[in-house]
């Protein structure tokens, strides 16, 4: 018996975008497109910032709802430990802070969502295509625990983002505007509960204790291993496929792009679903190369420690900083630039 329909396990960014795209073109074929998720309301703690081009260009081109922009970020303060190493002021807005939970919940509206936890392997005999979009809960690679909270504004400008890095501990702490509040958090490789270290770092940088609320934890994959499909033909997208950037944990843009790539690689008709695996792999090749480069550069940071990381941040050109923050670290030339910055005698 020929299996039809598409099952998507995980209704986060990747799974919800995929279901939305498939449903938009499914009116004539009538294929069953079902999402399975354990939670009725999406809430995955993260920094909730995205490259501006995701909101301004990529999402509108897909014809799906845009996330609500809370803040336009125009200035960046880059620190190593408690020492501010560099400030970066691009010519235009390159980051937005968004309400991620509100956005994902809006993407789910009108879709066929079944609220229960399922193993994708248990669905392969029922559907023509099964998609794993469970993020870090099914990805291959090292996992770190991330802690996040919201904080009352201690007097910071709401167009500034603070990124506090650690080469020695291979991790970072963030302070990002989130409406009239701030989203703060961080994580470190090998530290199972980063809360106390993040709070100490926030105090060292801000010079004051922040009023925190809505604390939560999550997992992020670092040094991910790319996996396009699983045994039994299960297709992977987003972080479940290893598509997450190790230098900062950017996962929303890769989730959207991989969902769009898979939607284009699925051919729907009334009586079957065809997955063009070569088309999918080809479409996400650029993201995969970016992921690999991020992993290499994080390994470099963990080797050179805080002193080396400070030297790189001081000496690299603004094009490097802009490419990193905008999600454009797509060429090995950036690794070469970082190595050159490391060995330069710094002024």
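In this note's numbering, the protein residues as written are 133 to 479. Built from N, CA and C at the ideal position, the CB exists for glycine as well.
8 Å CB neighbourhood of residue i in its chain, flanking five on each side removed
| i | result |
| --- | --- |
| residue 230 | 180, 181, 182, 187, 199, 200, 201, 202 |
| residue 211 | 217, 294, 295, 296, 297, 337 |
Local conformation of residue i per DSSP, three classes
| i | result |
| --- | --- |
| residue 472 | helix |
| residue 150 | helix |
| residue 386 | helix |
| residue 231 | coil |
| residue 141 | strand |
| residue 286 | coil |
| residue 461 | coil |
| residue 133 | Bear in mind that the predicted position of residue 133 carries a pLDDT of just 45, short of 50, making it too unreliable to give a figure here. |
| residue 419 | helix |
| residue 255 | helix |
| residue 399 | strand |
| residue 370 | helix |
| residue 264 | strand |
Extent of the continuous alpha helix (DSSP H) run through residue i
| i | result |
| --- | --- |
| residue 408 | Here residue 408 belongs to no alpha helix (DSSP H), and DSSP marks it neither H nor E. |
| residue 327 | 327–338 |
| residue 344 | Element bounds for residue 344: not the alpha helix (DSSP H) but the beta strand (DSSP E), 344–357. |
Burial state of residue i (16 or more Cβ within 10 Å)
| i | result |
| --- | --- |
| residue 402 | exposed |
| residue 447 | buried |
| residue 371 | buried |
| residue 264 | buried |
| residue 192 | exposed |
| residue 404 | exposed |
| residue 472 | exposed |
| residue 224 | exposed |
| residue 363 | exposed |
| residue 248 | exposed |
| residue 346 | exposed |
| residue 315 | buried |
| residue 476 | exposed |
| residue 240 | buried |
| residue 340 | exposed |
| residue 281 | buried |
Paired residues, beta bridge with residue i - DSSP
| i | result |
| --- | --- |
| residue 306 | 295, 317 |
| residue 169 | 247 |
| residue 444 | Residue 444 is not bridged to any residue. |
| residue 451 | Paired residue(s): none; residue 451 is not in a bridge. |
| residue 208 | 220, 293 |
| residue 281 | 316 |
| residue 275 | 353 |
| residue 377 | 382 |
Any non-hydrogen atom of the ligand GDP within 7 Å of residue i CB
| i | result |
| --- | --- |
| residue 364 | The ligand content of the structure shown is nil, which means the ligand GDP is not present either. |
Chain-order list of residues whose beta-carbon lies under 6 Å from that of residue i (same chain, five-residue window excluded)
| i | result |
| --- | --- |
| residue 484 | What the structure shows of the chain is the stretch from 133 to 479, and residue 484 is not part of that stretch, so it cannot be assessed. |
| residue 178 | none |
| residue 433 | 299, 441 |
| residue 393 | 412, 415, 416 |
| residue 324 | 277 |
| residue 284 | 343 |
Cutoff 7 Å; reference residue i; Cβ partners in own chain excluding five residues on either side
| i | result |
| --- | --- |
| residue 455 | 461, 466 |
| residue 444 | 470, 473, 474 |
Delimiting residues of the beta strand (DSSP E) encompassing residue i
| i | result |
| --- | --- |
| residue 225 | Element bounds for residue 225: n/a, residue is neither H nor E. |
| residue 194 | From DSSP, residue 194 is part of no beta strand (DSSP E) but of the alpha helix (DSSP H) over 191–194. |
| residue 164 | Neither: residue 164 is in no beta strand (DSSP E) and is coded neither H nor E. |
| residue 183 | 181–183 |
| residue 204 | 201–205 |
| residue 160 | Unbroken run through residue 160: none, as it is neither H nor E. |
| residue 217 | 215–220 |
| residue 187 | From DSSP, residue 187 is part of no beta strand (DSSP E); its letter is neither H nor E. |
Interface flag, residue i vs chain C, CB-CB below 8 Å
| i | result |
| --- | --- |
| residue 322 | Among the chains of the structure shown, chain C does not appear; only one protein chain is present. |
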